[in-house]
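Note that the protein sequences, when read in sequence, are chains A and B. For the first sequence, the tail end lands on 506 under my numbering, and the numbers increase by one without skipping. For the second sequence, the tail end lands on 175 under my numbering, and the numbers increase by one without skipping. We treat Cβ as the ideally placed atom computed from N, Cα and C, and that holds for glycine.
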Amino acid sequence: MEIINGMLSIILNPSLIGILALFVFLGIYVGAMPGLSVSMACSLLISFTFSWEPLPALAAMLGAQIGGVYGGSRAAILLNIPGTTAAVATSLDGYPLAKKGLAGEAIAVATLSSVMGGLIGAVILAIGAPLISNIALKFAPRDYFLLGMMGLLLVGSLGSESNSRGIFTALIGLFIGTIGLDLVTGQQRFAFGNTYLMGGVNYVVVMLGLFGMSEALIQLRDLSVYPVKQKVDNLKPDFKGHVKYFVLTIKSSLIGVFVGALPGTGGDIAALIAYDQAKRTTKNPEVPFGEGAIEGLVAPETANNAAIGGAYIPMLTLGIPGDAVTAIILGALLIHGLRPGPLFMTESPDAFGFIVAGNFIGNIFLLIFGFMGIKLFTKIVEIPKYILMPTIIILSVVGSYAINNSIADIYWMLGFGIIGYLLKLYHFPTAPLILGVILSTIIEQSFRRAVSMAGNSLIGFIIDIVTNPISLILLVAIIFMSFSQSNFWKKTREKKLLNR
Amino acid sequence: MKKRGLEKGEVTFLLVNVLLGIILFILSIQIYKKDTTLSSQGAFPFILSILMMVMSALMIVELKKYDKVDISEKKALVKIREIIAYIFPGKIFPIMTLIVIYAVVLPRVGFTISTFFFLSLSLITFHPRDIVKSLLISAGVVGVILVIFQYIFKVMLP
């Protein structure tokens, strides 16, 4: 009942609807602009909506996420530069379509696919989250520890060129999370008597540095890239034409939700897997994949928006974010006093209902805004990087100050900005670091509770894991994931493929 | 997948990470030795620091999979110059300097003035000939930020 109340709270509240609509609209342009990312936008939004009530702040971030993930497709189709990583697969067939003079059709297909994926993702979130939440009530501290580790292992290994580099940055994140007063003993750890450090490093500051300032610096390294734009015409939704992709839409949505729900993955991986699956299973496409196949556009666009709903499932029910953006939104929920986890459904049913309804309504706004404002879009992408990026740095400064009205936060943000710049320069992924900082407390506290329950014995802790069905399943999943990402496994697979 | 070559300074950066792992290990062991139980406040950082050192070692081992750039015959000074040029290409160094100055000046002269000057000087750094245009754009951006954040978001500005 309270979940339905939560849904009604957004449906019957014009200001919440207005905020959601506004940020879906703005999100499309943020996602469409190469160099700006959804993570960057949500990091900035956390700090700017700090003083807002929880629901309007959540509406803003949800809108920016839905719009931003879709927005990446516009730049991928028109400029061959994916606006977001989730749109990498979209450019494979979207840009060839635009080069053939079919940019309008491509955008229309991408919009319809994104909306379908988003709606299916929202339905599965509404059904799946309460079910997972019931199972999660049976989780012991050791299971939370294993889940957190699984998330870090996945995010560390997927999407980075080297597993060790990804895991290393995740470990740095976990370490940063331990700075400050210990929650159990109250003693200082790595604070060196510094009063700022005793309170711990604020993760919003880390996010703004890594996703805001460092990204702006990376973009400023090369100002010479001028995208070649394509003409857009015939921007009309073709619902009838889209029906023939119904099966592919459902399949891609399910892939999106499932991959999105895996801790540590996200829309980008979901889109690539869905594209690959569509390529392998579509017999006789009208146009070959890679040369403008509509199926090559439907699959990734459906999957990356479906992944949004999927990523919310582990975040809301287990407190483990599915990807970097939901990690940021998890941070926002914590700031606003909401505690995602198995008790989230019972403690904050209205907030859950609000998130589900927000996902639905946000996608309806996406359908509206996806078919308009294309002229504005072409103007906005013309804003030169040398104006945009210093502005992002200023916004990161404003955002970091807004959290505690502390100048020290600005200095820390700048420090993390420079660290993030160096990490990116030398091919270290930064998303695991953020996930590490956010998950640090839950992983450490779960680990300490679990080993305490096992009599402070490592052997007892291991016995507890292997004798408990849930823990054992999680352990086997971690071993399987680690093995499947190992060089040995990758080389064996490559050999097998070559021998075929 | 095509092998990429090592970036200039990449090995040095990895060595810095190794050093970071060692320093964190030393700091963690100091906390851990006060209470050596697994649920103590030092146990988790201690385990993390060991894992960091293991990952650092793996990163060094993995260096063999990248194409090597033979710079062994170059003098140390030349190598350092190349690394600096890689980290700070084009206008990155002046921009970073402006950011540092901005951060120092900000609490002293306030948000509006310092942001206006930071943005103007950044734009002029990229386009030295368009001084008037840069000043006008900066004034416009600062104005928009003030309106949006002070009046709409109601954010306290530095």
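Original post:
Taking DSSP as the reference, what is the three-state secondary structure of ASP356 (chain A)?
Top reply: The residue labelled residue 356 (chain A) in the question sits at position 350 within the first sequence. ASP356 (chain A) falls in the helix class under three-state DSSP.
Original post:
GLY110 (chain A): buried (16+ other C-beta within 10 angstroms of its C-beta) or exposed?
Top reply: What you label residue 110 (chain A) is simply residue 104 of the first sequence in a count that begins at 1. Buried: at least 16 other Cβ atoms inside 10 Å.
Subject >> Length of the line joining the Cα atoms of SER452 (chain A) and TYR150 (chain A) >> reply: Translated into positions along the first sequence, residue 452 (chain A) becomes position 446. Translated into positions along the first sequence, residue 150 (chain A) becomes position 144. Approximately 6 Å, taken between the alpha carbons.
Subject >> Members of the segment 187 to 209 of chain A near chain B, C-beta cut-off 8 Å >> reply: ASP188, VAL190, THR191, GLN193, ARG195, PHE196
Original post:
When Cβ atoms are compared, which residues of the segment 132 to 146 of chain B fall closer than 8 Å to chain A?
Top reply: THR132, PHE135, LEU136, SER139, LEU140, PHE143, HIS144
**OP:** Take every Cβ of the segment 425 to 432 of chain A, pair it with every Cβ of the segment 215 to 226 of chain A, and state whether three or more of those distances are shorter than 8 Å.
**Re:** Short answer: they touch.
Original post:
Assuming LEU68 (chain A) and ASN369 (chain A) make a contact with CB atoms under 8 Å, what is their CB distance in whole Å?
Top reply: Numbered from 1 along the first sequence, position 62 holds the residue referred to as residue 68 (chain A). Numbered from 1 along the first sequence, position 363 holds the residue referred to as residue 369 (chain A). Not a contact, Cβ separation roughly 11 Å.
Original post:
Does the Cβ of TYR101 (chain A) have 16 or more other Cβ atoms within 10 Å, making it buried, or fewer, making it exposed?
Top reply: Start at 1 with the first residue of the first sequence, and residue 101 (chain A) comes out as number 95. Looking at its Cβ environment, which holds 16 or more other Cβ atoms inside 10 Å, TYR101 (chain A) is buried.
Subject >> Closer than 9 Å to chain A by CB, THR114 (chain B) >> reply: Working through the second sequence from its first residue, we reach residue 114 (chain B) at position 97. By this cut-off, THR114 (chain B) is not an interface position.
**OP:** Please go through the segment 182 to 213 of chain A and give each complete beta strand (DSSP E) segment of 3 or more residues, from N-terminal end onward.
**Re:** none
**OP:** Say whether chain A places a C-beta atom closer than 9 Å to the C-beta of ALA60 (chain B).
**Re:** For the purposes of this step, residue 60 (chain B) is taken as the residue at position 43 of the second sequence. So, interface residue.
Original post:
Mind checking if LEU226 (chain A) is an interface residue toward chain D, Cβ cutoff 9 Å exclusive?
Top reply: This model lacks chain D altogether, as its protein chains are A and B.
**OP:** Evaluate the contact criterion for the segment 57 to 64 of chain A versus the segment 41 to 49 of chain A: three or more CB pairs, one atom per stretch, below 8 Å.
**Re:** Too few Cβ pairs lie closer than 8 Å, so no.
Original post:
GLN71 (chain A): buried (16+ other C-beta within 10 angstroms of its C-beta) or exposed?
Top reply: For this step, residue 71 (chain A) is matched to residue 65 along the first sequence. Label assigned to GLN71 (chain A): buried.
Original post:
So the alpha helix (DSSP H) GLN167 (chain B) belongs to, where does it begin and stop?
Top reply: Locating residue 167 (chain B) in the second sequence gives position 150, counting from the first residue. From DSSP, GLN167 (chain B) is part of no alpha helix (DSSP H); its letter is neither H nor E.
Subject >> Below-9 Å beta-carbon distance, ALA433 (chain A) vs any chain B residue >> reply: Translated into the one-based positions of the first sequence, residue 433 (chain A) becomes position 427. Looking at the sequence itself, residue 433 (chain A) is His, so the reference to Ala does not match. Taking Cβ atoms only, chain B reaches closer than 9 Å to HIS433 (chain A), which makes this a yes.
Original post:
With respect to the alpha helix (DSSP H) encompassing LYS144 (chain A), which residues constitute its N-terminal and C-terminal limits?
Top reply: Residue 144 (chain A) sits at position 138 when you count from the first residue of the first sequence. Taken as a continuous stretch (DSSP letters only), LYS144 (chain A) belongs to no alpha helix (DSSP H), as it is neither H nor E.
Original post:
To the nearest angstrom, how far is it from the Cα of PHE494 (chain A) to the Cα of LEU303 (chain A)?
Top reply: Within the first sequence, residue 494 (chain A) is the residue found at index 488, counting from 1. Within the first sequence, residue 303 (chain A) is the residue found at index 297, counting from 1. Taking the straight line from one Cα to the other gives about 33 Å.
Original post:
Does the beta carbon of LEU118 (chain A) sit closer than 9 Å to a beta carbon anywhere in chain B?
Top reply: Residue 118 (chain A) sits at position 112 when you count from the first residue of the first sequence. With 9 Å as the cut-off, LEU118 (chain A) does not count as an interface residue toward chain B.
Subject >> Beta-carbon proximity check, LEU214 (chain A) vs PHE360 (chain A), cutoff 9 Å >> reply: Indexing the first sequence from 1 puts residue 214 (chain A) at position 208. Indexing the first sequence from 1 puts residue 360 (chain A) at position 354. No, the pair does not count as a contact, with Cβ atoms beyond the cut-off.
Original post:
Identify the residues that DSSP records as bridge partners of ASP84 (chain B): which are they?
Top reply: Mapped onto the second sequence, residue 84 (chain B) falls at position 67. B:GLY22, per the DSSP bridge assignment.
Subject >> Members of the segment 56 to 86 of chain A near chain B, C-beta cut-off 7 Å >> reply: SER57
Original post:
Nearest to GLY154 (chain A) by CA position, among A:LYS497, A:SER477, A:HIS433, A:LEU216, is which residue?
Top reply: Position 148 of the first sequence, counting from 1, holds the residue named residue 154 (chain A). When each option's Cα is compared against that of GLY154 (chain A), the closest is A:SER477.
Subject >> the segment 125 to 140 of chain A in contact with the segment 310 to 321 of chain A per 3-pair CB rule at 8 Å >> reply: By the Cβ test, the segment 125 to 140 of chain A is in contact with the segment 310 to 321 of chain A, since at least three Cβ pairs between them sit closer than 8 Å.
**OP:** Output, in sequence order along the chain, the residues in the segment 150 to 175 of chain B whose CB is closer than 8 Å to any CB in chain A.
**Re:** ILE154, VAL158, ILE162, PHE166, PHE170, LYS171, VAL172, MET173, LEU174, PRO175
Original post:
Would the beta-carbon of ILE370 (chain A) be found less than 8 Å away from any heavy atom of the ligand GTP?
Top reply: The ligand GTP is not part of the structure shown, which contains no ligands of any sort.
Original post:
For the segment 42 to 71 of chain B, which residues have a CB atom closer than 7 Å to at least one CB atom of chain A, in sequence order?
Top reply: LEU44, ILE48, THR54, LEU55, SER56, GLN58, PHE61, PRO62, LEU65, LEU68, MET69
**OP:** Give the residues of chain A in contact with PRO111 (chain B), contact being defined as C-beta atoms less than 8 Å apart.
**Re:** For the purposes of this step, residue 111 (chain B) is identified with residue 94 of the second sequence, where counting begins at 1. Per Cβ cutoff of 8 Å: no residues; PRO111 (chain B) is ~10 Å from chain A at best.
Subject >> Supposed close pair GLY37 (chain A), VAL75 (chain A) - CB separation, criterion 8 Å >> reply: Against the first sequence, residue 37 (chain A) aligns to sequence position 31. Against the first sequence, residue 75 (chain A) aligns to sequence position 69. Between VAL75 (chain A) and GLY37 (chain A) the Cβ distance is about 6 Å, and since that is below 8 Å, they are a contact.
Original post:
Can the beta-carbon of TYR202 (chain A) be found closer than 9 Å to that of ALA414 (chain A)?
Top reply: Numbered from its first residue, the first sequence carries residue 202 (chain A) at position 196. Numbered from its first residue, the first sequence carries residue 414 (chain A) at position 408. Yes, these two residues count as a Cβ contact at 9 Å.
Original post:
What residue from A:THR473, A:PRO327, A:VAL293 has the CA that sits closest to LEU103 (chain A)'s CA?
Top reply: In the first sequence, counting from the first residue as 1, residue 103 (chain A) sits at position 97. Closest option to LEU103 (chain A), Cα to Cα, is A:VAL293.
**OP:** Assign VAL263 (chain A) to one of three DSSP states: helix, strand, or coil.
**Re:** For the purposes of this step, residue 263 (chain A) is identified with residue 257 of the first sequence, where counting begins at 1. Reduced to three states, the DSSP call for VAL263 (chain A) is helix.
**OP:** Return the chain-ordered list of same chain residues with a C-beta closer than 8 Å to the C-beta of GLN167 (chain B), the five sequence neighbours on each side being excluded.
**Re:** In the second sequence, the residue the question calls residue 167 (chain B) occupies position 150. Once the five neighbours on either side are set aside, the close Cβ partners of GLN167 (chain B) are LEU174.
Original post:
Which residues of chain B have a Cβ atom closer than 8 Å to the Cβ of ASN462 (chain A), listed in chain order?
Top reply: As a position in the first sequence, residue 462 (chain A) is number 456, starting the count at 1. Going along chain B in sequence order, the residues near ASN462 (chain A) (Cβ under 8 Å) are THR54, LEU55, SER56.
Original post:
Between the segment 63 to 81 of chain B and the segment 169 to 183 of chain A, do three or more beta carbon pairs fall short of 8 Å?
Top reply: Touching, yes, given that three or more Cβ pairs across the two stretches are closer than 8 Å.
Original post:
Listing by chain order, which chain B residues have their CB less than 8 Å from the CB of VAL168 (chain A)?
Top reply: By 1-based counting over the first sequence, the position of residue 168 (chain A) is 162. Just to set this straight, residue 168 (chain A) is Ser in the shown sequence, not Val. Per Cβ cutoff of 8 Å: MET76, GLU79.
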